[in-house]
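Visitor:
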Amino acid sequence: MSKITLLKTPKELQAYCIKARENANAKSKKSTDKKGDKKSTLGLVPTMGALHAGHSSLIATSIKQNSHTIVSIFVNPAQFAPSEDLATYPRTIEADIARCEELGASAVFLPQASDMYQSDDEASINPPKSLACVLEGFARPSHFGGVLQVIMKLFWLSCADNAYFGRKDAQQLLVIQKMVKDFFIPISIVPCPIVRDKDGLALSSRNAYLSKDEREIARAIPKAIESMKKHYDEISAKSTKSKNHKIDSKEAISAKEVLSVGQKVLQNSGVKLDYLEACDYELKRTDTLTPDKSIILLAGFVGKTRLLDNLWL
771 MSKITLLKTP KELQAYCIKA RENANAKSKK STDKKGDKKS TLGLVPTMGA
821 LHAGHSSLIA TSIKQNSHTI VSIFVNPAQF APSEDLATYP RTIEADIARC
871 EELGASAVFL PQASDMYQSD DEASINPPKS LACVLEGFAR PSHFGGVLQV
921 IMKLFWLSCA DNAYFGRKDA QQLLVIQKMV KDFFIPISIV PCPIVRDKDG
971 LALSSRNAYL SKDEREIARA IPKAIESMKK HYDEISAKST KSKNHKIDSK
1021 EAISAKEVLS VGQKVLQNSG VKLDYLEACD YELKRTDTLT PDKSIILLAG
1071 FVGKTRLLDN LWL
């Protein structure tokens, strides 16, 4: 296992990425047998640290698809409101570095807030209202502006070919994809599957806040997701079979009916539901669920901990 490179400042990250690309291009030109050679590309995995198996999945996917993988670890103050958990957000830097090294990442970027934000009057990015002012954006009005601010900086500094994000933070993923499209940023966003713990709970660094009793209550969230998926699949199997038993993937299913299944699971569960909505990929509420076009998004509190989950259809 080679020793991982630690990068502390934006200039170090930028210089590393330029050098890595130059070396990869030089190696590619010298290679006489390119069969099986990994394409010389750079993958970026943005994180806030407190890494878990979900992050490991993102990192492993990037390593598989790129010649270089950089993991950024930065608890971004711009995406926290004053009343939120910036000060108490889990920080496990040494363990995170060890995990990245064990997985085979090329480098870890560990900036300070003062390096990433050099002025109190910085240029900012306004997220699209249609995507960023509903659901999570309604509950956390300044959140996505802060997310896009740091992600744009990371994209610009690294000039990565590919960036990896989990589907658990569905709205964040859609907002970032929209920014990339609108600003013609030459990077591919790679959505990665939700990774769940043994009890079904979607992995999240904030799960560490849950007490044993709260963890038991939180299990209602993945149970609701699983129940809605099962009900959706059952309806789909019954309603979309034609005479030759082939499935019409374009046939839509009532969102209200599927959502009611999740609501019943969550009722009296101890989860304080914030929202449970069916939307299209532009986060417009929809009355029907269509394969590869719809998503169910869920957010709720267990104690003081806010948990997210979703179902991509």
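Just so you know, we're using our numbering here: the sequence shown kicks off at 771 and counts up by one. Backbone N, C-alpha and C fix where the C-beta goes; we use that ideal spot for every residue, glycine too.
Quick one: grab the DSSP three-state call for asparagine 793.
Guide: Helix, per DSSP.
Visitor: Count Cβ pairs between the region 889 to 897 and the region 908 to 922 that sit closer than 8 Å; are there 3 or more?
Guide: They touch, by the three-pair rule.
Visitor: Classify leucine 776: buried if its beta carbon has 16 or more other beta carbons within 10 angstroms, exposed otherwise.
Guide: Per the 10 Å Cβ criterion, exposed.
Visitor: According to DSSP, arginine 1115 sits in a beta bridge with which residue or residues?
Guide: Shown here, the chain extends from 771 to 1083; a query on residue 1115 therefore has no answer.
Visitor: Check whether the Cβ atoms of glutamate 984 and threonine 858 lie closer than 9 Å to each other.
Guide: For glutamate 984 and threonine 858, no; Cβs fall outside 9 Å.
Visitor: Smallest Cα separation from alanine 883: which of Ser853, Gln919, Cys1049 and Ala988?
Guide: With distances taken between Cα atoms, alanine 883 lies closest to Gln919.
Visitor: Which residue marks the beginning of the beta strand (DSSP E) containing serine 878, and which one marks its end?
Guide: Residue 878 is actually valine in this sequence, not serine. First-last of the beta strand (DSSP E) with valine 878: 877 to 879.
Visitor: Name the one or two DSSP bridge partners that lysine 1042 has.
Guide: Phe1071, per the DSSP bridge assignment.
Visitor: Identify every run of the beta strand (DSSP E) within the region 816 to 895, keeping only runs that are complete inside it and at least 3 residues long; order them along the chain.
Guide: Those beta strand (DSSP E) runs which fall completely within the region 816 to 895 and span 3+ residues are 838 to 843 and 877 to 879.
Visitor: Could you check where the beta strand (DSSP E) with alanine 933 kicks off and where it finishes?
Guide: Note, alanine 933: beta strand (DSSP E), 932 to 936.
Visitor: Under 8 Å, with one C-beta from each stretch per pair, do the region 966 to 974 and the region 839 to 854 reach the 3-pair mark?
Guide: As far as the Cβ criterion goes, the region 966 to 974 does not touch the region 839 to 854, which means the pair count is below three.
Visitor: Could you round the C-beta distance between lysine 999 and glycine 824 to whole angstroms and report it? I think they count as a contact, below 8 Å.
Guide: Wrong, their Cβ atoms sit about 19 Å apart, outside the cutoff.
Visitor: So what's serine 1019 in DSSP terms, helix, strand or just coil?
Guide: Here serine 1019 scores only 48 on pLDDT, less than 50, and its place in the model is too uncertain to base an answer on.
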